[in-house]
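Engineer: As they're listed, the protein sequences go chains A and B. With the numbering used here applied, the first sequence corresponds to residues 221 to 382, in that order. With the numbering used here applied, the second sequence corresponds to residues 18 to 650, in that order. Even for Gly, the Cβ is constructed at its ideal location relative to N, Cα and C. Structure provided below as structure tokens; questions to follow.
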Amino acid sequence: MSENKLDSQKLQKLEAYIDSIEEKEGCLINVLHEAQDIFGYLPSEVQLFISRKLGLTAAKVFGVTTFYSFYTMKSRGKHIINVCMGTACFVKGAESILEEFKNQLKLKDGNTTDDGLFTIEIIRCIGACGLAPVVTVDGKVYGKVKVEDVKNIIREYMEESI
Amino acid sequence: MNRVNSLEELRILKKEYKKLVKNRSVDNENTRCENTQGTSSIDILICAGTGCQASNSMDVVETLKKEVANADLSDKVRVEITGCFGFCEKGPIVKIMPDNIFYIEVTPEKAKLIIEEHIVKGNIVEECIYHEPETGNSCPKQSDIPFYKKQMRIALRNCGLINPEDIRQYIAFDGYEALGRTLTSMTPEEVIDEVKRSGLRGRGGGGFPTGIKWEMARKSQSETKYIICNADEGDPGAFMDRSVLEGDPHSVLEAMAIGGYCIGASKGYIYIRAEYPLAIQRLRTAIKQAYAMGLLGKNILDSNFSFDIDVKYGAGAFICGEETALINSMEGGRGEPTVKPPYPAQIGLWKKPTNINNVETFANISPVLLRGADWFSSIGTEKSKGTKVFALAGKINNVGLVEVPMGTTLREIIFDLGEGIKNNKKFKAVQTGGPSGGCIPSDYLDTPIDYESLTKIGSMMGSGGMIVMDEDNCMVNIAKFYLEFSVDESCGRCTACRIGNKRLYENLTEITEGKGTMEHLEDLKELGSIIKDASLCGLGQTSPNPILSTMNFFWDEYVAHVKDKNCPAGVCTALLKYHIRPEKCVGCTACAKVCPVHAITGTVKQSHTINKESCIKCGACATKCKFNAITRK
Chain A
221 MSENKLDSQK LQKLEAYIDS IEEKEGCLIN VLHEAQDIFG YLPSEVQLFI
271 SRKLGLTAAK VFGVTTFYSF YTMKSRGKHI INVCMGTACF VKGAESILEE
321 FKNQLKLKDG NTTDDGLFTI EIIRCIGACG LAPVVTVDGK VYGKVKVEDV
371 KNIIREYMEE SI
Chain B
18 MNRVNSLEEL RILKKEYKKL VKNRSVDNEN TRCENTQGTS SIDILICAGT
68 GCQASNSMDV VETLKKEVAN ADLSDKVRVE ITGCFGFCEK GPIVKIMPDN
118 IFYIEVTPEK AKLIIEEHIV KGNIVEECIY HEPETGNSCP KQSDIPFYKK
168 QMRIALRNCG LINPEDIRQY IAFDGYEALG RTLTSMTPEE VIDEVKRSGL
218 RGRGGGGFPT GIKWEMARKS QSETKYIICN ADEGDPGAFM DRSVLEGDPH
268 SVLEAMAIGG YCIGASKGYI YIRAEYPLAI QRLRTAIKQA YAMGLLGKNI
318 LDSNFSFDID VKYGAGAFIC GEETALINSM EGGRGEPTVK PPYPAQIGLW
368 KKPTNINNVE TFANISPVLL RGADWFSSIG TEKSKGTKVF ALAGKINNVG
418 LVEVPMGTTL REIIFDLGEG IKNNKKFKAV QTGGPSGGCI PSDYLDTPID
468 YESLTKIGSM MGSGGMIVMD EDNCMVNIAK FYLEFSVDES CGRCTACRIG
518 NKRLYENLTE ITEGKGTMEH LEDLKELGSI IKDASLCGLG QTSPNPILST
568 MNFFWDEYVA HVKDKNCPAG VCTALLKYHI RPEKCVGCTA CAKVCPVHAI
618 TGTVKQSHTI NKESCIKCGA CATKCKFNAI TRK
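Okay, structure coming up:
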């Protein structure tokens, strides 16, 4: 695996962050958070870089990355749509909202559209249960979403990017 | 902000800061707002928790500030953000003090009106007041609203009252007084004894007595010890810890320092979900302010006690709420649990004695010490003392956070505070305890809530999520939902949990798809009890609970799925049968036009029929029909 593919500026930023940590022991989770912030996801090259830098085995880093749902190893689309699947949202019909998003975006396998514009993900409870069912797009919250609203939400981001 | 060097200095500051919050006391509340004109100043409090921010409360803040400036009232009227008022259903909430008028669902337009009418002219803006849905009675004050009538706020005492980003307001309401008293006049043993006598039990779910936990950690011999605040709150549908951290972060910091003094630790960590950015930001602000005033750090209040707090992030793993898994995660590894004993109080973080308490538990500590163990233990039931915060959600009229004395019944919470089920539907069940809990049917609504009673009826307290379900929810589908969660979240270490839960989930899927047999139901029961017995930690030991409790209370519904291939609630798509009621159908053809597979036939102005063979059960026809002529069951 080559590291050449990685953006050197981003890599430098990550390296500077790791160097700034005083207590290196036990810092892996925070480093992975920072790396995902910088790169948007955690490709294997980034994980290898971290393992060398921290003196951990690649298996250890990979084991941690895959354990936690917050980390992703796949690159994601420009806009991230999160459908909340907390219990409150679920009992109010979040499943059909998710289905509608998949239908509208023509997603069968995988969760990113072919044009790389949208990634759809499930999250477990953002704690805005009063607004259930809840969808967030790039952090913006849409509450009390109905199946009919899905089209408009997508359109909002389609038009913006044209 | 200067360093505070003694308890006396802290008390002098408190007196001074009291002036900042003099309008907030409900004791001198005025009857209506006619007195606004007479008071020298007004506080406008507005919720800036995650829930209200999601309903644009920050835009309302901007408008309020702008309008106050436009009316030339900036020196008299203060707009102040606060934490959660709890009444999330009706957010954003704006409260005018000292009038104690409570405005709901405030938009920027309504905010403008509130300034013009209430603040400038002294008239209550009736259209922004809560009205009881049944009687139409107007409830201008917080205390008039049924949602608040049976509540008692101890853990949430400062949420909605103070600005969480201003340590002075926390101090004004007795903040750090308990820490000061602890350090100046109490031995660790005396504090532990007080906490033990109060009867406070862990609010994270397990209900272990907090004082005994502290005593165990104190007795462990070691130079280095740690105290950890568990703020991972991975339970879907629970958001009380987040609200405490967002609304009153200092209450947690203060209690952690007290705990540190008791067990002999000088370092504390808050392990918090990365999914809670606002709580993290508020915590960081609070920590910085506490250091600046010397209420954290070296020689607090010039005592011999030094205490540091750091924040560590979780990364999305439900299992990390379990103590040993949390410790593994904090050490930078996979959050897998280990066998207990040894307990963290003996061998914990970096192999040192460690005490872990949940956010809500910590939030109770200062009131216990300030008002005394006798006061605290006078609230609640025989074995469960004090109050508990519940996150009330689902098909209920008032979604939000409620804090009630232990022993309050489920009926009181759901029908008095929550004001019943949405859209006049029938109550079916309430799910407590999240994925580890169970569904409770209407026969048990008069159960007083405490740790033991809930366990007795096959559920549990858990972190305090309370999801209300109505007749339209399918209990088999709900069980499947929780099992999917447990399958996702199992760390994989125990075979019974890793493979067993997966099998349970597959089994439930087959049942909801109409492929279930009575044997499936027997298997669910048997496998469920094996998983409970053969798993190492709480996740596996409780993951079959949603299935076992729904089978116990809603057996007929399972049988209907298996034998009659019918979903009584009309949820499981594969089992639905669409039918047109000839007596209601007027032959408008709307259904036939929308059917994607042309399964509906009939002549205009005559009753239509659905061909069951070609129907794909998409439900488009039922949505389109204006005459309620299409049934699905």
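Give a yes or no on whether the C-beta atoms belonging to CYS176 of chain B and GLY100 of chain B are separated by under 8 Å.
Structural biologist: yes
Engineer: Taking Cβ-Cβ distances shorter than 8 Å, what residues in chain A pair up with VAL416 of chain B?
Structural biologist: ALA308, CYS349, GLY350, ALA352
Engineer: Considering only the beta carbon of each residue, do ILE466 of chain B and ALA513 of chain B sit closer than 8 Å?
Structural biologist: no
Engineer: Among residues of its own chain, excluding the 5 on either side of THR80 of chain B, which ones have a beta-carbon nearer than 7 Å to its beta-carbon?
Structural biologist: PRO125, ALA128, LYS129
Engineer: Report the start-end ranges of each beta strand (DSSP E) in the segment 263–304 of chain B that is 3 residues or longer and not cut off at the edges.
Structural biologist: Taking only runs of at least 3 residues, the beta strand (DSSP E) segments lying wholly in the segment 263–304 of chain B are 284–289.
Engineer: Check whether the Cβ of ASN490 of chain B lies closer than 8 Å to any Cβ atom in chain A.
Structural biologist: yes
Engineer: Any chance the segment 108–122 of chain B sits against the segment 66–79 of chain B, with 3 or more Cβ pairs inside 8 Å?
Structural biologist: yes
Engineer: As a quick exercise: from A:ASP335, A:VAL354, A:LEU268, pick the residue whose alpha carbon is nearest that of ILE343 of chain A.
Structural biologist: A:VAL354
Engineer: Just the Cα atoms here: how many angstroms apart are ASP239 of chain A and GLU245 of chain A?
Structural biologist: 13 Å
Engineer: For GLN448 of chain B, which three-state DSSP category applies?
Structural biologist: strand
Engineer: Give me the chain A residues within the contact set of GLU348 of chain B, using Cβ-Cβ distance strictly less than 7 Å, ordered along the chain.
Structural biologist: GLY246
Engineer: Chain B beta carbons: is any one of them nearer than 8 Å to that of HIS299 of chain A?
Structural biologist: no
Engineer: What residues from the segment 361–392 of chain B come within 7 Å of chain A, judged by C-beta to C-beta, listed N to C?
Structural biologist: none
Engineer: Under a CB-based cut-off of 8 Å, is PHE287 of chain A close to chain B?
Structural biologist: Using beta-carbon distances, PHE287 of chain A counts as an interface residue toward chain B, with a partner under 8 Å.
Engineer: Only counting the same chain, and skipping five residues up and downstream in sequence, which positions put a Cβ closer than 6 Å to that of PHE287 of chain A?
Structural biologist: none
Engineer: Return the residue from the list A:ASN372, A:ILE249, A:SER316 that minimises the CA-CA distance to VAL303 of chain A.
Structural biologist: Ranked by how close their Cα comes to the Cα of VAL303 of chain A, the residues A:ASN372, A:ILE249, A:SER316 have A:SER316 in first place.
Engineer: The beta strand (DSSP E) spanning MET483 of chain B covers which residue range?
Structural biologist: 482–487
Engineer: Run through chain B and tell me which residues come within less than 8 Å of ASN385 of chain A, C-beta to C-beta.
Structural biologist: With chain A covering only 221 through 382, there is no way to say anything about residue 385 of chain A.
Engineer: Measuring straight from C-alpha to C-alpha, what distance separates ASN372 of chain A and ALA639 of chain B?
Structural biologist: 22 Å
Engineer: So the candidates are B:ARG510, B:VAL485, B:LEU262, B:PHE102; which of them puts its Cα closest to the Cα of ASN247 of chain B?
Structural biologist: B:LEU262
Engineer: Does the beta-carbon of ARG351 of chain B have 16 or more other beta-carbons within 10 angstroms, so that it is buried, or is it exposed?
Structural biologist: So ARG351 of chain B counts as buried.
Engineer: Return the residue from the list B:GLY103, B:TYR147, B:GLY66 that minimises the CA-CA distance to ILE121 of chain B.
Structural biologist: Nearest option by C-alpha distance: B:TYR147.
Engineer: At least one CB of chain C closer than 8 Å to the CB of SER72 of chain B: is that the case?
Structural biologist: Absent from the structure is chain C; the protein chains it does hold are A and B.
Engineer: Mind checking if GLN168 of chain B is an interface residue toward chain A, Cβ cutoff 8 Å exclusive?
Structural biologist: Answer no: the Cβ-Cβ gap between GLN168 of chain B and chain A never drops below 8 Å.
Engineer: Just to confirm the assignment: which complete beta strand (DSSP E) runs, minimum length 3, are found wholly within the segment 570–638 of chain B?
Structural biologist: 595–597
Engineer: Using DSSP's beta-bridge definition, name the partner residues of VAL421 of chain B.
Structural biologist: Within the DSSP bridge table, the entry for VAL421 of chain B names B:LYS405 as partners.
Engineer: By the three-class DSSP mapping on this structure, what secondary structure does ARG520 of chain B have?
Structural biologist: Here ARG520 of chain B sits in helix by DSSP.
Engineer: Suppose contacts are defined by Cβ-Cβ distances below 8 Å. Is ARG520 of chain B in contact with SER507 of chain B by that definition?
Structural biologist: Contact: no.
Engineer: Below 8 Å on C-beta distance, what does ILE238 of chain A contact in chain B?
Structural biologist: Per Cβ cutoff of 8 Å: no residues; ILE238 of chain A is ~13 Å from chain B at best.
Engineer: What are the residues in the segment 235–254 of chain B lying within 9 Å of chain A by C-beta distance?
Structural biologist: Only those residues of the segment 235–254 of chain B whose C-beta falls short of 9 Å from the nearest C-beta of chain A are listed: GLU250, GLY251, ASP252, PRO253, GLY254.
Engineer: Just the C-alpha distance for ALA609 of chain B and ILE627 of chain B, rounded to the nearest angstrom, thanks.
Structural biologist: 9 Å
Engineer: Under the three-state reduction of DSSP, which class applies to GLY224 of chain B: helix, strand or coil?
Structural biologist: coil
Engineer: Determine the contact status of GLY254 of chain B and MET273 of chain B, defining contact as a CB-CB distance below 8 Å.
Structural biologist: Contact flag unset, no.
Engineer: Taking the straight line between their C-alpha atoms, what separation do you get for THR53 of chain B and VAL142 of chain B?
Structural biologist: Unreliable placement is indicated for THR53 of chain B, whose pLDDT of 44 sits below 50; no coordinate value is reported for it.
Engineer: Given this structure, state the Cα-to-Cα distance separating LEU268 of chain A from VAL281 of chain A, to the nearest angstrom.
Structural biologist: 8 Å
Engineer: In angstroms with no decimal places, state the Cα-to-Cα distance between ARG170 of chain B and GLU151 of chain B.
Structural biologist: 26 Å
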